[in-house]
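Asker: Note that the numbering used here gives residue 988 to position 386 of the first sequence, counting from 1, and the numbers run on in steps of one.
Mind looking over this structure? Questions follow.
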Amino acid sequence: MSFLPAEEQLEILRKGATEILRVEELKAKLERSRSEDQPLRVKVGFDPSAPDIHLGHTVVMRKMRHFQELGHDVIFLIGDFTGLIGDPTGVSKTRPVLTRAQVEQNAETYRKQVFKILDPVKTRVEFNSQWLASMSSEDWVRLASKYTVARIIGIHEFLYPLAQAYDSVALKADVEMGGTDQKFNLLVGREIMREFHLEPQVVLTMPLLEGTDGVEKMSKSLGNYIGINETPREIFGKILSINDDLMWRYYELCTDLTLVQIAELKKGVAEKKLHPKQAKVDLAKRIIADFHSAAEAAAAEAEFERVFVSRETPDAVEEVTLPCESAPLWFPRLLVKVGLAKSNGDATRLINQGGVTLDGSRVDSPGLELRADAPAEHLIKVGKRRFIRVRFR
RNA sequence: GGGGAGAUUCCCGAGCGGUCAAAGGGAGCAGACUGUAAAUCUGCCGCCGUAGUGCUUCGGAGGUUCGAAUCCUCCUCUCCCCA
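This is the structure:
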């Protein structure tokens, strides 16, 4: 294995990073790694309770891949033990205690998704319960004594970063990465490693990606996320619906285009040589190609054009099968049944507002009754994008 | 330990005996305009087959009243100030 010169590696690693503490140390580590022909150990911790990876997570994962491409080892650390404590950094509420089996299952889910981005050969998956669960109270006291807190904080607020820091000790991490919200925890790792007479890890933080609303950071609980397991069609739609300004952010953090290339695109849009929608379409295709394939990305685009520009029916529509009934079915009730409305009143409202289409024509009266006494098929559309095919059988 | 302030529909926040299913804003949803963008405009935004002197909702439990989100009592929780 031959490594690129430290300077060149550094340049790649720097792209997109918010902060590197400290750059000189990273450079020194890269140089040593090169001269000794030893890869660096790059550690990133993940929460075991939320195995649905979304675009926000991929920002850091992309950087992990950069390390892999440069020949380094990446440790995908599943915080099954720290998960019990709960990270005080986020707004996370009390977490349910996960069983061994659940953790295993979540880990499996992680693996499936993670390797869409990371190189499976160069990725080590570890669980921190491996070393943390077996620690005695004495060990904990000893560990805690290595860190002085200036201000008085809650015990678990203190425990979490400490445990995370100990992970770095156990793994002898050279680099730890995380979102900017992780900075404090990552820095604790440096200090604790010093206490253990290890060379402190370099801390690299990546920006937090805004969700589709463009305001809050992307998170599952806020519902503003784009999951990498979503269908190409869904991802395409979600990306197309983000604000134009936000698209540049996604370009920077979710593609491997260089800053120069991105600036070029921006300029194109500013000079009206490139339609912003086209730029967004390209973005969506790039992202989909990463998690699925270029062919699927192209298909998603074609589908999108058909459904929204030509106003045709998508080819994959969710289907619901209902038994035939001799009595006519009140339409609003049907909407509730298939999950397109919350209540009859809600359904009625949607109809009154002209948002409901049945078999291609607008439903204009909430009093509509549908015959359901013989097998039949209907296509219902609510709003611009919700389709359901109902089958009576 | 002492003294204050408060808990309202998804969120913020008004209401302080009837005219309150509860102002206003945000979010969300639908429509118009578009590039399913943003911004903007319009409408909706508790449930009940659209109806009523209807039902359920204003932290929880009781009480006072013809009538309570609004008053009283107790309870739970949150915040602030003094020690």
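Note that the Cβ used here is the ideal one computed from N, Cα and C, for glycine as well.
No experiment lies behind these values; they were computed from the predicted model shown.
Leaving out five residues before and five after V693 in sequence, what residues of the same chain have Cβ atoms less than 6 Å from its Cβ?
Answerer: Per-residue confidence for V693 stands at a pLDDT of 40, beneath the threshold of 50, marking its modelled position as unreliable; no derived number is given.
Asker: So, helix, strand or coil for T620, using DSSP?
Answerer: In this structure, T620 counts as coil in the three-state DSSP scheme.
Asker: Report the residue from H877, L972, S604 whose alpha carbon sits nearest the alpha carbon of E638.
Answerer: The residue with the shortest Cα to Cα distance from E638 is S604.
Asker: How would you call N845, buried or exposed, if buried means at least 16 neighbouring beta carbons within 10 angstroms?
Answerer: It counts as exposed.
Asker: Have a look at H980 and R835 and give me their C-alpha separation to the nearest angstrom.
Answerer: Between H980 and R835, the C-alpha separation is close to 22 Å.
Asker: What's the gap between the Cα of I622 and the Cα of V965?
Answerer: The straight-line gap from Cα to Cα measures roughly 58 Å.
Asker: Using beta-carbon positions only, say whether L848 and E903 come within less than 8 Å of one another.
Answerer: Result no, Cβ atoms of L848 and E903 do not sit closer than 8 Å.
Asker: Determine, using beta carbons only, whether V727 and R713 come nearer to each other than 8 Å.
Answerer: In this structure, R713 lies closer than 8 Å to V727 by Cβ.
Asker: Going by CA-CA distance only, name the one from F893, K874, L773, L764 that's closest to F717.
Answerer: Taking only the C-alpha atoms, the option nearest F717 is F893.
Asker: Across which residues does DSSP place R964 in a beta bridge pair?
Answerer: For R964, which the question treats as bridged, DSSP gives the partners T959.
Asker: Measuring straight from C-alpha to C-alpha, what distance separates A976 and K986?
Answerer: Between A976 and K986, the C-alpha separation is close to 29 Å.
Asker: Compute the distance between the beta-carbons of R667 and I614, then report whether it is under 8 Å.
Answerer: Going by C-beta atoms, R667 is not nearer than 8 Å to I614.
Asker: Within this structure, are the beta carbons of I677 and K645 separated by less than 8 Å?
Answerer: Yes. Within cutoff.
Asker: Alpha carbons only, please: which of R664, E633, H674, R616 is nearest the one belonging to L642?
Answerer: The residue with the shortest Cα to Cα distance from L642 is H674.
Asker: If we ignore side chains and look at the alpha-carbon of each, how far apart do M795 and L806 end up?
Answerer: Taking the straight line from one Cα to the other gives about 16 Å.
Asker: Report all residues from its chain with a CB closer than 7 Å to the CB of Q803; omit the five preceding and five following residues, and keep chain order.
Answerer: These residues qualify, in order along the chain: S770, A775, D776, V777, E778, G791, R792, M795.
Asker: Helix or strand or just coil, what does DSSP make of V862?
Answerer: Note: V862 maps to helix in three-state DSSP.
Asker: Using the Cβ count rule (16 or more neighbours within 10 Å means buried), how would you classify R973?
Answerer: With fewer than 16 Cβ atoms within 10 Å of its Cβ, R973 is classed as exposed.
Asker: Tell me where the beta strand (DSSP E) around K983 begins and ends.
Answerer: First-last of the beta strand (DSSP E) with K983: 978-984.
Asker: Taking 8 Å as the threshold (C-beta atoms), are E905 and W932 in contact?
Answerer: The answer is no: Cβ separation not under 8 Å.
Asker: Any heavy atom of the ligand PLP within a distance shorter than 7 Å of the CB on P809?
Answerer: Absence of the ligand PLP from the depicted structure is noted, as is the absence of any ligand whatsoever, leaving it without description.
Asker: As an exercise, report each continuous alpha helix (DSSP H) stretch of at least 4 residues that is fully enclosed by the region 832-863, in chain order.
Answerer: Correct list: 834-842, 846-856.
Asker: Does the separation of the CB atoms of M808 and V625 fall below 8 Å?
Answerer: Not a contact, by the Cβ cut-off of 8 Å.
Asker: What residue does the alpha helix (DSSP H) around G791 start on, and which one ends it?
Answerer: Where G791 is concerned, the enclosing alpha helix (DSSP H) stretches over 785-797.
Asker: Please state the DSSP three-state secondary structure of L612.
Answerer: In this structure, L612 counts as helix in the three-state DSSP scheme.
Asker: If we ignore side chains and look at the alpha-carbon of each, how far apart do R993 and L936 end up?
Answerer: Using only the alpha carbons, I get a separation of about 12 Å.
Asker: Assuming A709 contacts L734 (C-beta within less than 8 Å), just tell me the rounded distance between them.
Answerer: In fact, because the Cβ distance is near 16 Å, the residues do not count as touching under 8 Å.
Asker: In the DSSP assignment, what are the bridge partners of H659?
Answerer: Answer by DSSP bridge pairing: none, since H659 is not bridged.
Asker: Can you list, in chain order, the residues of its chain whose CB lies under 7 Å from that of K840, leaving out five sequence neighbours each side?
Answerer: So the list reads T814, I828, once near-sequence residues are dropped.
Asker: Among all the DSSP beta bridges, which residues are the ones paired with K645?
Answerer: I677, E778.
Asker: On the three-state DSSP scale, how would you describe M808?
Answerer: In the structure shown, M808 sits in a strand (DSSP, three-state: E or B).
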